[in-house]
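Going by full-length UniProt numbering, the sequence shown opens with residue 1, and the numbers climb by one from there. Note that CB positions come from ideal geometry on N, CA and C, so glycine has one too.
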Amino acid sequence: MRDIELEGERIKLIPASYEHVEELFNVSGNHELWRYSPSSISTIEDMHNTMDSWMRLKEQGVRYPFVIMDKATNEIVGSTSYLDISLSNRKLEIGGTWLDPKVQRTRVNTECKYLLLKYGFESLQLLRIQFKTDAKNEKSNLAIQRIGAQYEGTIRQDMILHNGHIRDTNIYSILNSEWNVVRDKLTEYLNIKYM
1 MRDIELEGER
11 IKLIPASYEH
21 VEELFNVSGN
31 HELWRYSPSS
41 ISTIEDMHNT
51 MDSWMRLKEQ
61 GVRYPFVIMD
71 KATNEIVGST
81 SYLDISLSNR
91 KLEIGGTWLD
101 PKVQRTRVNT
111 ECKYLLLKYG
121 FESLQLLRIQ
131 FKTDAKNEKS
141 NLAIQRIGAQ
151 YEGTIRQDMI
161 LHNGHIRDTN
171 IYSILNSEWN
181 VVRDKLTEYL
191 NIKYM
């Protein structure tokens, strides 16, 4: 996948690189961010190791990590990725998203998902984009449902998280045939809620 930079009204999604390690680490300090995550970032070394992993997976063509830049402050406020990329099957996952608590419940995450979905369906011509989240993570489950993704099921005892919790994972998806409705819903949500 070629280099991608996506820009909305409030945010810019920029390809993640080693130059972003320190700033990403500075916004990763809230331990609640990692409650439902397979890993956690608590030291600068953890952030370097995470970036190493992202770059290896990017080179293999299965992950495309972004940093989320808040245009209002010109600061990095989190990260998100295209995951499990399979362009031959015209599908991928959006995930690995984490945000500085100061921008949670703002237009940042909604606009982020809108930009990633729009590029996926309209530029990459994908058939399917999926999302996965811990079955116990009520905020994430509600946010995914709110954008119009369809619940497909739960993978039981899917993974063991960094804190020892055995996670059941909910899977949601949006199909290309559903994109127009989802796009209109997201556009309306961005225009009305965040005027």
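Next item on the list: Have a look at TRP132 and SER140 and give me their C-alpha separation to the nearest angstrom.
Entry: Sequence check: residue 132 is Lys here, not Trp. Cα to Cα, LYS132 sits roughly 9 Å from SER140.
Next item on the list: Could you have a look at GLN130 and say whether DSSP puts it in helix, strand or coil?
Entry: Here GLN130 carries a strand assignment [DSSP, helix/strand/coil].
Notebook entry, point to check: Helix or strand or just coil, what does DSSP make of ASP100?
Noted result: ASP100 falls in the coil class under three-state DSSP.
Margin query: In this structure, how does DSSP classify ILE68 when only helix, strand and coil are distinguished?
Written below: In the structure shown, ILE68 sits in a strand (DSSP, three-state: E or B).
Checklist line | Rounded separation between LEU24 and VAL181 - CA only | finding: Roughly 34 Å separates the two Cα atoms.
Checklist line | Nearest to ARG10 (by Cα), restricted to the options ARG63, MET51, ASN26 and GLU75 | finding: Per the Cα distances, GLU75.
Margin query: Going by C-alpha to C-alpha distance, which of LYS136, TYR151, TRP54 and GLU138 sits closest to ILE129?
Written below: In terms of CA proximity to ILE129, TYR151 leads the group LYS136, TYR151, TRP54 and GLU138.
Check: Thinking C-alpha only, which one of LEU83, ALA143, ILE41 and GLN125 is nearest VAL21?
Finding: Just measuring C-alpha positions, the residue of LEU83, ALA143, ILE41 and GLN125 sitting nearest VAL21 is ILE41.
Next item on the list: Within the region 112 to 193, note down every full alpha helix (DSSP H) run reaching 4 residues or more, in order along the chain.
Entry: Those alpha helix (DSSP H) runs which fall completely within the region 112 to 193 and span 4+ residues are 138 to 146 and 179 to 193.
Notebook entry, point to check: Under a three-way DSSP split, which group does ASP84 fall into?
Noted result: Reduced to three states, the DSSP call for ASP84 is strand.
Note to self: I need the DSSP call for SER53, collapsed to helix, strand or coil.
What the structure shows: Residue state, collapsed to three classes: helix.
Next item on the list: With ASN26 as the anchor, note down where its alpha helix (DSSP H) starts and where it stops.
Entry: Looking at the DSSP string, the run of the alpha helix (DSSP H) that includes ASN26 is 21 to 26.
Check: Taking DSSP as the reference, what is the three-state secondary structure of VAL77?
Finding: In this structure, VAL77 counts as strand in the three-state DSSP scheme.
Next item on the list: Answer yes if the region 112 to 122 comes into contact with the region 160 to 167, meaning at least three C-beta pairs across the two stretches below 8 Å, and no otherwise.
Entry: No: fewer than three Cβ pairs fall under 8 Å.
Check: Do the region 80 to 88 and the region 44 to 51 touch if we need at least three Cβ pairs shorter than 8 Å?
Finding: Judged by Cβ distances under 8 Å, the region 80 to 88 makes no contact with the region 44 to 51, as fewer than three pairs qualify.
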